[in-house]
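A.B. asks:
Number of protein chains: 2
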Amino acid sequence: MSTSSSTHAEALTQISHIMEPIGRKALEAARVLAQTDAATKNRALAATAAALRAQSAEILAANAKDMSSARERGLSGALLDRLLLDAKRVEAMAKGVEEIIQLADPIGTLIAEWTRPNGMTIQRVRVPLGVIGIIFESRPNVTIDAGALCLKSGNAAILRAGSESYHSSRAVHACMVEGLKVAGLPEAAVQLVPTTDRAAVGYMLAGMADYIDVIVPRGGKSLIQRVQQDARVPVIGHLEGNCHVYVDRDADINMACEIVKNAKLRRTGICGAAETVLFDKAATTQMNAVVKMLLDAGCEVRGDQDVQAVDQRVKTATEEDWYTEYLDAIISARVVDGVDAAAAHITKYGSAHTESIVTSNSKTAERFFNSVDSAIVLHNASTQFADGGEFGMGAEIGISTDKFHARGPVGVEQLTSYKYVVRGSGQVRPG
Amino acid sequence: MSTSSSTHAEALTQISHIMEPIGRKALEAARVLAQTDAATKNRALAATAAALRAQSAEILAANAKDMSSARERGLSGALLDRLLLDAKRVEAMAKGVEEIIQLADPIGTLIAEWTRPNGMTIQRVRVPLGVIGIIFESRPNVTIDAGALCLKSGNAAILRAGSESYHSSRAVHACMVEGLKVAGLPEAAVQLVPTTDRAAVGYMLAGMADYIDVIVPRGGKSLIQRVQQDARVPVIGHLEGNCHVYVDRDADINMACEIVKNAKLRRTGICGAAETVLFDKAATTQMNAVVKMLLDAGCEVRGDQDVQAVDQRVKTATEEDWYTEYLDAIISARVVDGVDAAAAHITKYGSAHTESIVTSNSKTAERFFNSVDSAIVLHNASTQFADGGEFGMGAEIGISTDKFHARGPVGVEQLTSYKYVVRGSGQVRPG
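Top to bottom, those sequences are chains A and B.
Just so we're aligned, residue 46 is where the first sequence starts under the working numbering, counting upward by one.
Just so we're aligned, residue 46 is where the second sequence starts under the working numbering, counting upward by one.
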């Protein structure tokens, strides 16, 4: 008992020696960034994009190292694909940075302004959050995406890459540092934690409240749950996207087929993919068409008795299925008694991410909008539009299913706070 | 060891039997409130105000019980004053509720709206946060103020009153329930935890994440720190208001005296009261006048050597003083080398609440605004304006020194979130 706790104490001391200077430097860099104009930040981003292209070979060599240890450790094909970089993906990173340059700089913008009867003017002005900690797993491009979004929004970033992507992340991070140098900004504006020691994650979550203003976890369910459990600072995260399409009695058959097909099958691995389709009990024709379309497209359908009656290829859905985010070519399907029952199902089983109703009845759509409390509700459109870029908000760091601070796509504007600036001429408060 | 932990387990079971149904009922009520129109909510508030007036005698009798046990337990004069109700204070509560009726209903308002190139329209619409837990100490009026603000903003409230104000809070809460009944709203929209067991606080903080969306602590430093330490849900809180006035070389002498006097002495016990005055080293004339004014007004001044040289009544400030929120007729005072040094002092010692600069030089004021990262920064105005009502935002549940979600005064609008409502005509996502 005492041995293990003294070992624990030693490990904590060791990791604090690494993390404390990172925190202090991030705080200093954040103060500089808060005052940095848009042109300088964009210069750093442009130089980062240039460095990514110039150092493509080094990045791919580092990635090859990560890939070979990942193969040795027997990582799954999906994980290997997330980890893999090639020339096209490096170019996509550079293009992503250039897209962030095009976004409007949120910092210093006036959110609201009014004058009080005593003559004081009050402004609500956008400011950065400060220092953002990003904890991610296998995708090395998060280093660039998250780093660039934080920089654009005037925040310092502390990035903690998963061990599997460590070499790739280091190589990519070097390009970011080069960009910062070119623009004369502190290198500590975007730092990569220089260890794969898992204690660094715990320390970021619970030991750095004096430095880190918010934590953004990017990864699987177990990472997000750990972060929400252990964090002593605010978290922007989404647990999962258990998204629904409700096909109403007044749905156009073709539209229902097209939307369900796109919502489920365009890409099955993204959080905006539909996982359950609900059919109004008076939408039998639409149900028959949609279920056969899904089955013919190679999608596994797990249905209740009514849905199973449509086609013998439909499997049996269990209670567990309604809660499940498959992220695969599988969908659960159920018949419900109208829009209210659809909303009740979504409230009970959903994750408050994104839900769509297909109907030509706008009153039914409004009822759906009012009774479904999810970050995004759509009428006659695919759930796969749940994405900052598709919303016209630009790149995003994730889709928040929290209601606190930011909900839905989290882009540059959602990575900010505000302050009140009051101008007077000697006013004092009476009474 | 095993006895104490089984006792702990029993206590937890007991408190969960009380708190779980409260959580479930709050969640159901929140769903109703989210759909309730402004007129119905205002009817409930008007009936609450009427009930407060009608039941004034019962409220005062309940308060007398609390006062007598508080006196027996030897509570301090300041605490007794916070606890005390009289006819005037009950009337003030009723008036406070009527002021909340006058505020615009934030729910359902359109925050932003745009159309995508594919024809989809996207709206960002204001919605309630859901269920708000309020943990407070001695002031029984928090039951009404917080309950009414939550109701107006469409949120269900779970109120946990301190044991010292328990009877008063129950009597006041009964009026709120009466108001809800009159309007046909669920009584569980505003619930008061029916026990003074301190385990209820811990349970709200860590055991009710499935029901409570955000916790608002209202009370002293130790309560707020406990909440920030133990909470497993988001918290809106402020730690303290260690507010500063910086008197610049270009400050008008009379204005400096008036503003410092008001900022420190109008009311010494509120979070917007100034605790430190900083003098530009080139503002000797202003310093002499301000320091003598403060001393003559009966304020204790604790200064550095330069300030002590002004008047022999000035006491010696220690390092500890710069960190201290006196909430009393005491002020610390220091000479600094211009606006940058003032900002550096505020960054090091302040609590990021509210700071004011007195100067006739608008460039210096802008420099102060940019380099001081506090929720509220003022130019030529008293720090005591830090208040939702004074800002024209209406009643507030507190002043947030957090950057996350809400900063500064937290009124009805800050108790909301938003959702995205997307209307299409069959759009699916390409690619």
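Glycine is no exception: its CB is placed at the ideal position from the N, C-alpha and C atoms.
Counting contacts by CB-CB distance shorter than 7 Å, is residue 46 (chain B) in contact with chain A?
C.D. replies: As a first step, residue 46 (chain B) is located in the second sequence; it is residue number 1 there, counting from the start. With a pLDDT of 41 at residue 46 (chain B), under the threshold of 50, the predicted position of this residue should be treated as unreliable, and no value is reported.
A.B. asks: DSSP three-state label for residue 47 (chain A), please.
C.D. replies: The count along the first sequence starts at 1 and reaches residue 47 (chain A) at position 2. Only weak support is given to the placement of residue 47 (chain A): the predicted model assigns it a pLDDT of 44, under 50, and the question is left unresolved by the model.
A.B. asks: Give me, in chain order, the residues of the same chain whose beta-carbon lies closer than 7 Å to that of residue 89 (chain B); leave out the 5 immediate sequence neighbours on both sides.
C.D. replies: Along the second sequence, one-based indexing puts residue 89 (chain B) at 44. Excluding residues within five positions, the ones whose Cβ falls inside 7 Å are 196, 224, 225, 227, 228, 230.
A.B. asks: Across the stretch 445-453 of chain B and the stretch 183-196 of chain B, are there enough close Cβ pairs to call them in contact, namely three or more that are closer than 8 Å?
C.D. replies: Verdict: no, contact absent.
A.B. asks: Does the Cβ of residue 155 (chain B) have 16 or more other Cβ atoms within 10 Å, making it buried, or fewer, making it exposed?
C.D. replies: Numbered from its first residue, the second sequence carries residue 155 (chain B) at position 110. Its Cβ having fewer than 16 others within 10 Å, residue 155 (chain B) is exposed.
A.B. asks: Quick check on residue 472 (chain A) - is its C-beta less than 7 Å from some C-beta in chain B?
C.D. replies: By 1-based counting over the first sequence, the position of residue 472 (chain A) is 427. By this cut-off, residue 472 (chain A) is an interface position.
A.B. asks: Any Cβ of chain A within less than 7 Å of the Cβ of residue 462 (chain B)?
C.D. replies: Taking the first residue of the second sequence as position 1, residue 462 (chain B) is located at position 417. Chain A contact via Cβ: present.
A.B. asks: Quick one: grab the DSSP three-state call for residue 122 (chain A).
C.D. replies: Position 77 of the first sequence holds residue 122 (chain A). Helix at residue 122 (chain A).
A.B. asks: Excluding five sequence neighbours on each side, which residues of the same chain lie with their C-beta closer than 6 Å to the C-beta of residue 305 (chain B)?
C.D. replies: Taking the first residue of the second sequence as position 1, residue 305 (chain B) is located at position 260. 290, 322, 335, listed in sequence order.
A.B. asks: Would a check of beta-carbon distances place residue 161 (chain A) closer than 7 Å to chain E?
C.D. replies: Among the chains of the structure shown, chain E does not appear; the protein chains present are A and B.
A.B. asks: Alpha carbon to alpha carbon, what distance is there between residue 182 (chain B) and residue 427 (chain B)?
C.D. replies: Start at 1 with the first residue of the second sequence, and residue 427 (chain B) comes out as number 382. Start at 1 with the first residue of the second sequence, and residue 182 (chain B) comes out as number 137. Answer to the nearest angstrom: the Cα atoms are 28 Å apart.
A.B. asks: Please identify, using Cβ separations under 7 Å, the residues of the stretch 381-402 of chain A that lie next to chain B, in order along the chain.
C.D. replies: Going along the stretch 381-402 of chain A in chain order, one finds no residue with a Cβ nearer than 7 Å to chain B.
A.B. asks: Scan the stretch 185-199 of chain A for residues whose Cβ lies nearer than 8 Å to a Cβ of chain B and list them as they occur along the chain.
C.D. replies: Against chain B - using a Cβ distance shorter than 8 Å - the stretch 185-199 of chain A contributes no residues.
A.B. asks: In terms of residue numbering, what span does the alpha helix (DSSP H) encompassing residue 142 (chain B) cover?
C.D. replies: Numbered from its first residue, the second sequence carries residue 142 (chain B) at position 97. 132-147 is the extent of the alpha helix (DSSP H) around residue 142 (chain B).
A.B. asks: Can you list the residues of chain A that residue 231 (chain B) reaches, using a CB-CB cut of under 7 Å?
C.D. replies: For the purposes of this step, residue 231 (chain B) is taken as the residue at position 186 of the second sequence. Chain A residues near residue 231 (chain B): none, gap ~16 Å exceeds 7 Å.
A.B. asks: When DSSP labels each residue in this structure, what does residue 108 (chain B) get in the three-state scheme?
C.D. replies: Counting from 1 along the second sequence, the entry for residue 108 (chain B) is found at position 63. Helix, per DSSP.
A.B. asks: Flag this pair as touching only if the stretch 340-350 of chain B and the stretch 454-464 of chain B have three or more C-beta atom pairs under 8 Å; answer yes or no.
C.D. replies: Flag = no, the stretch 340-350 of chain B and the stretch 454-464 of chain B do not touch.
A.B. asks: Could you spell out where the beta strand (DSSP E) holding residue 288 (chain B) opens and where it closes?
C.D. replies: Taking the first residue of the second sequence as 1, we reach residue 288 (chain B) at position 243. Looking at the DSSP string, the run of the beta strand (DSSP E) that includes residue 288 (chain B) is 288-292.
A.B. asks: At a CB-CB cut-off below 7 Å, which residues of chain A make contact with residue 260 (chain B)?
C.D. replies: Looking up residue 260 (chain B) in the second sequence gives position 215. By Cβ distance, chain A contributes nothing, its closest Cβ being about 11 Å from residue 260 (chain B), past 7 Å.
A.B. asks: Look up residue 325 (chain B) in the DSSP assignment and say whether it is helix, strand or coil.
C.D. replies: As a working note, residue 325 (chain B) is residue 280 in the second sequence. If DSSP states are grouped into helix, strand and coil, residue 325 (chain B) belongs with the strands.
A.B. asks: Which value, in whole angstroms, describes the spacing of the CA atoms of residue 240 (chain A) and residue 364 (chain B)?
C.D. replies: The sequence position of residue 240 (chain A) within the first sequence is 195, counting from 1. The sequence position of residue 364 (chain B) within the second sequence is 319, counting from 1. Between residue 240 (chain A) and residue 364 (chain B), the C-alpha separation is close to 37 Å.
A.B. asks: Which whole runs of the alpha helix (DSSP H) in the stretch 177-208 of chain A are 4 residues long or more, in chain order?
C.D. replies: Complete alpha helix (DSSP H) runs here, min 4: 186-197.
A.B. asks: Pairs of beta-carbons, one from the stretch 111-119 of chain B and one from the stretch 257-264 of chain B, closer than 8 Å: are there three or more?
C.D. replies: Judged by Cβ distances under 8 Å, the stretch 111-119 of chain B makes no contact with the stretch 257-264 of chain B, as fewer than three pairs qualify.
A.B. asks: Any beta-carbon of chain B closer than 7 Å to the one on residue 365 (chain A)?
C.D. replies: Locating residue 365 (chain A) in the first sequence gives position 320, counting from the first residue. It does not: the Cβ of residue 365 (chain A) has no partner Cβ on chain B nearer than 7 Å.
A.B. asks: Do residue 221 (chain A) and residue 68 (chain A) have their C-beta atoms within less than 7 Å of each other?
C.D. replies: Looking up residue 221 (chain A) in the first sequence gives position 176. Looking up residue 68 (chain A) in the first sequence gives position 23. No, Cβ-Cβ distance for residue 221 (chain A) and residue 68 (chain A) is not below 7 Å.
A.B. asks: Is residue 331 (chain B) close to chain A, meaning its C-beta is less than 7 Å from at least one C-beta of that chain?
C.D. replies: Within the second sequence, numbered from 1, the residue matching residue 331 (chain B) stands at position 286. No, no contact with chain A.
A.B. asks: Just the C-alpha distance for residue 312 (chain A) and residue 159 (chain B), rounded to the nearest angstrom, thanks.
C.D. replies: As a first step, residue 312 (chain A) is located in the first sequence; it is residue number 267 there, counting from the start. As a first step, residue 159 (chain B) is located in the second sequence; it is residue number 114 there, counting from the start. About 26 Å.
A.B. asks: Enumerate, from N- to C-terminal direction, the unbroken alpha helix (DSSP H) stretches of 4 or more residues contained entirely within the stretch 407-442 of chain A.
C.D. replies: Whole alpha helix (DSSP H) segments, 4+ residues: 407-416.
A.B. asks: Closest to residue 201 (chain B) by C-alpha separation, out of B:214, B:217, B:209, B:173, would be which residue?
C.D. replies: Numbered from 1 along the second sequence, position 156 holds the residue referred to as residue 201 (chain B). Residue 201 (chain B) has its Cα closest to that of B:173, out of B:214, B:217, B:209, B:173.
A.B. asks: Output yes if chain A places a C-beta closer than 7 Å to the C-beta of residue 134 (chain B); else output no.
C.D. replies: The count along the second sequence starts at 1 and reaches residue 134 (chain B) at position 89. Judged by the 7 Å Cβ criterion, residue 134 (chain B) is not in contact with chain A.
A.B. asks: Can you tell me which of B:130, B:421, B:442 puts its alpha carbon nearest to the alpha carbon of residue 167 (chain A)?
C.D. replies: Position 122 of the first sequence, counted from the first residue, corresponds to residue 167 (chain A). Taking only the C-alpha atoms, the option nearest residue 167 (chain A) is B:421.
A.B. asks: Name the chain A residues that come within less than 7 Å of residue 279 (chain B), Cβ to Cβ?
C.D. replies: Here the question's residue 279 (chain B) lines up with position 234 in the second sequence. Within 7 Å Cβ-Cβ: 279, 449.
A.B. asks: Please list the partners that residue 177 (chain A) has in chain B, where partner means a Cβ-to-Cβ separation under 9 Å.
C.D. replies: To locate residue 177 (chain A), count along the first sequence from 1; it is residue 132. The premise fails here: residue 177 (chain A) is roughly 11 Å from chain B at the closest Cβ pair, so nothing lies under 9 Å.
A.B. asks: Between B:371, B:340, B:369, which has its C-alpha nearest residue 359 (chain B)'s C-alpha?
C.D. replies: Sequence index remark: in the second sequence, residue 359 (chain B) carries index 314 (1-based). If we check each option's Cα against that of residue 359 (chain B), B:340 comes out closest.
A.B. asks: Using 7 Å as the limit for Cβ to Cβ distance, is residue 429 (chain B) near chain A?
C.D. replies: Against the second sequence, residue 429 (chain B) aligns to sequence position 384. By this cut-off, residue 429 (chain B) is an interface position.
A.B. asks: Any idea if residue 453 (chain A) is buried or exposed, counting beta-carbon neighbours within 10 angstroms, 16 or more meaning buried?
C.D. replies: The residue you call residue 453 (chain A) lines up with position 408 of the first sequence. The residue is buried, with at least 16 neighbouring Cβ atoms inside 10 Å.
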